[in-house]
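Enquirer: Plus 98 on top of the position in the sequence shown (first one is 1) and you've got the numbering used here. We treat Cβ as the ideally placed atom computed from N, Cα and C, and that holds for glycine.
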Amino acid sequence: MRIEYFVENEYNGCEIQKIMRRKFNMSTTWIKRVKLYGTVDLNGVHARVIDRVCTGDRLYFEYEDNSGMLTPPSNVGILFENEHYAVVNKPAGMVTHPSHNHIDDSLLTCLSGNTLHPVMRLDRETSGLLIVAKDGYSHNMLSSSDIKKSYKALCYGRFDPADGTMDFPIARRPNSVMIRDCVPDGKPSITHYKTLAYYEKANISLVEFELETGRCHQIRTHSCHVGHPLLGDGLYGPLSDDNPNEALKSQASVFDEKIGRVALHAYKIKYTDPFDNKTKTFEAELPPDFMSVIDALT
Numbered sequence: 099m100r101i102e103y104f105v106e107n108e109y110n111g112c113e114i115q116k117i118m119r120r121k122f123n124m125s126t127t128w129i130k131r132v133k134l135y136g137t138v139d140l141n142g143v144h145a146r147v148i149d150r151v152c153t154g155d156r157l158y159f160e161y162e163d164n165s166g167m168l169t170p171p172s173n174v175g176i177l178f179e180n181e182h183y184a185v186v187n188k189p190a191g192m193v194t195h196p197s198h199n200h201i202d203d204s205l206l207t208c209l210s211g212n213t214l215h216p217v218m219r220l221d222r223e224t225s226g227l228l229i230v231a232k233d234g235y236s237h238n239m240l241s242s243s244d245i246k247k248s249y250k251a252l253c254y255g256r257f258d259p260a261d262g263t264m265d266f267p268i269a270r271r272p273n274s275v276m277i278r279d280c281v282p283d284g285k286p287s288i289t290h291y292k293t294l295a296y297y298e299k300a301n302i303s304l305v306e307f308e309l310e311t312g313r314c315h316q317i318r319t320h321s322c323h324v325g326h327p328l329l330g331d332g333l334y335g336p337l338s339d340d341n342p343n344e345a346l347k348s349q350a351s352v353f354d355e356k357i358g359r360v361a362l363h364a365y366k367i368k369y370t371d372p373f374d375n376k377t378k379t380f381e382a383e384l385p386p387d388f389m390s391v392i393d394a395l396t
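Here it is, written out as structure tokens:
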């Protein structure tokens, strides 16, 4: 992490630590790390974080943490990387965080031996893009950005209307750790959708989803609630124990097996980079397992 900053009028007379906290969104822990193990300079001279500054003063912060390049395995793509973060394309079947059963094969473990900080997460079966920060400061900065996430999914049935918004509050189902339901007293949850293609013979739709909120299982819960569960969804699909759908079971017995996982792909991320204030957009093509189902439908 390297930051050069010329003090603006609003911070005239402020302590350096106040600028670190308010301007650069550094936590108390991160400020201590920079103070103890990094560099804090004021006009080219070492400074204390309690020193005060004047308009036009030059501040320079430096702290070396996990700024080395990531080393992804062949099945993980890197669309963008700098000293602060990377935009990563995760394959289906890989968990984001290390856990008891996935100590050595999680996405974060595969990318680096250092501690990484995912700005968002994807379920194990979901493929696609996510942002991984290389240190706590970068994570805080990116978490404060307005990140637009868009997904593509294969769903049973035909959405009517073809484009629209699903605005249904979501809460955890009583006595369940995993399952979510749409209930009046849940947390506000908004999903915008657009039908990209409808395969009439199979009665399956390719749908784009954009999240306005980010609840756990939001797309899957909303789609199930309106009667259009995702292909291969073991929690909310027609063949699931928790949300069975008798009308779709025969169809699901064919296509759930063909996709072999929930048919959800995080294909686009758009955000304003807090480090250069530029709008960045990244897209990831649909993976082969997705395309093989689509090819069978056309």
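For Y334, list the residues DSSP reports as bridge partners.
Expert: Paired residues: none, contrary to the question.
Enquirer: Taking only heavy atoms of the ligand SAM into account, decide whether any of them is closer than 7 angstroms to the Cβ of L206.
Expert: For the ligand SAM, the structure offers nothing, since it holds no ligand at all.
Enquirer: Whose C-beta lies closer than 7 angstroms to the C-beta of P196 among residues of the same chain, with five residues either side of it excluded?
Expert: Counting only Cβ-Cβ distances below 7 angstroms, and skipping sequence neighbours, we find S204, L206, T207.
Enquirer: Kindly indicate which three-state DSSP category E381 falls into: helix, strand or coil?
Expert: E381 falls in the strand class under three-state DSSP.
Enquirer: Bridge partners of K188, per DSSP?
Expert: Answer is G226, bridged to K188.
Enquirer: Could you check what DSSP says for Y161 in three-state terms: helix, strand or coil?
Expert: Three-state result, Y161: coil.
Enquirer: Once the 5 residues before and after D261 are set aside, which same chain residues still bring their CB inside 6 angstroms of it?
Expert: For D261, where only same-chain residues beyond five positions count, the Cβ hits under 6 angstroms are K292.
Enquirer: Please classify D374 as buried or exposed, where buried requires at least 16 other C-beta atoms within 10 Å of its C-beta.
Expert: With fewer than 16 other Cβ atoms within 10 Å, it is exposed.
Enquirer: Residues in its own chain within less than 8 angstroms of F178 by CB, not counting five upstream and five downstream?
Expert: Cβ neighbours of F178 beyond the five flanking positions: A184, V185, K378, F380.
Enquirer: So the candidates are I392, G358, I176, T169; which of them puts its Cα closest to the Cα of T224?
Expert: Closest by alpha carbon: G358.
Enquirer: Tell me the DSSP secondary structure of R318 in three-state form.
Expert: Three-state DSSP puts R318 in a helix.
Enquirer: Runs of 4 residues minimum, wholly inside the stretch 100 to 151: which ones carry the alpha helix (DSSP H) assignment?
Expert: Complete alpha helix (DSSP H) runs here, min 4: 114 to 120, 126 to 135.
Enquirer: Is it right to say K134 is buried, meaning 16 or more other beta carbons lie within 10 angstroms of its own, or is it exposed?
Expert: Here residue 134 turns out to be Leu, not Lys, going by the sequence shown. By the neighbour-count rule (16 or more Cβ atoms within 10 Å), L134 is not buried but exposed.
Enquirer: Taking just the CA atoms, how far does E306 sit from R255?
Expert: A small fix is needed here, since residue 255 is Gly in this sequence, not Arg. Cα to Cα, G255 sits roughly 14 angstroms from E306.
Enquirer: Our contact map puts C253 next to H323 with C-beta atoms below 8 angstroms; I'd like the distance itself, whole angstroms only.
Expert: Not really, about 12 angstroms apart at Cβ, beyond 8 angstroms.
Enquirer: Just list the residues that DSSP pairs S172 with in beta bridges.
Expert: For S172, which the question treats as bridged, DSSP gives no partner whatsoever.
Enquirer: Tell me whether A345 sits in a helix, a strand or coil according to DSSP, three-state version.
Expert: Helix, per DSSP.
Enquirer: Let me know if F104 comes out buried or exposed under the rule of 16 or more other beta-carbons within 10 Å of its beta-carbon.
Expert: By the neighbour-count rule (16 or more Cβ atoms within 10 Å), F104 is not buried but exposed.
Enquirer: Of all the options L294, K299, P272, R313, which has the alpha carbon lying nearest to the alpha carbon of K285?
Expert: Closest by alpha carbon: R313.
Enquirer: State the Cα-Cα distance for the pair P336 and T213, rounded to the nearest angstrom.
Expert: Each residue's alpha carbon lies about 39 angstroms from the other.
Enquirer: Any contact between the stretch 364 to 371 and the stretch 337 to 354? By contact I mean 3 or more CB pairs, one from each, below 8 angstroms.
Expert: The stretch 364 to 371, when compared against the stretch 337 to 354, does not touch it at the 8 angstroms Cβ threshold.
Enquirer: Quick one: Cα of E181 to Cα of S348, how far?
Expert: In a straight line, the C-alpha of E181 is about 50 angstroms away from that of S348.
Enquirer: Grouping DSSP H, G and I as helix and E and B as strand, with all else coil, what is D265?
Expert: Strand.
Enquirer: Do you know offhand how far T396's Cα is from S390's?
Expert: Cα to Cα, T396 sits roughly 10 angstroms from S390.
Enquirer: Measure the alpha-carbon distance for P420 versus H144 and round it to whole angstroms.
Expert: Because residue 420 is not part of the residues shown, which for the chain are 99 to 396, the question remains open.
Enquirer: Let's test the definition: count the other Cβ atoms within 10 Å of the Cβ of A231 and tell me whether it reaches 16, buried, or not, exposed.
Expert: Looking at its Cβ environment, which holds 16 or more other Cβ atoms inside 10 Å, A231 is buried.
Enquirer: Rounded to whole angstroms, how far is the Cβ of L240 from the Cβ of L209, which I believe are closer than 8 angstroms?
Expert: With 8 angstroms as the limit, L240 and L209 do not qualify as a contact, their Cβ atoms being about 16 angstroms apart.
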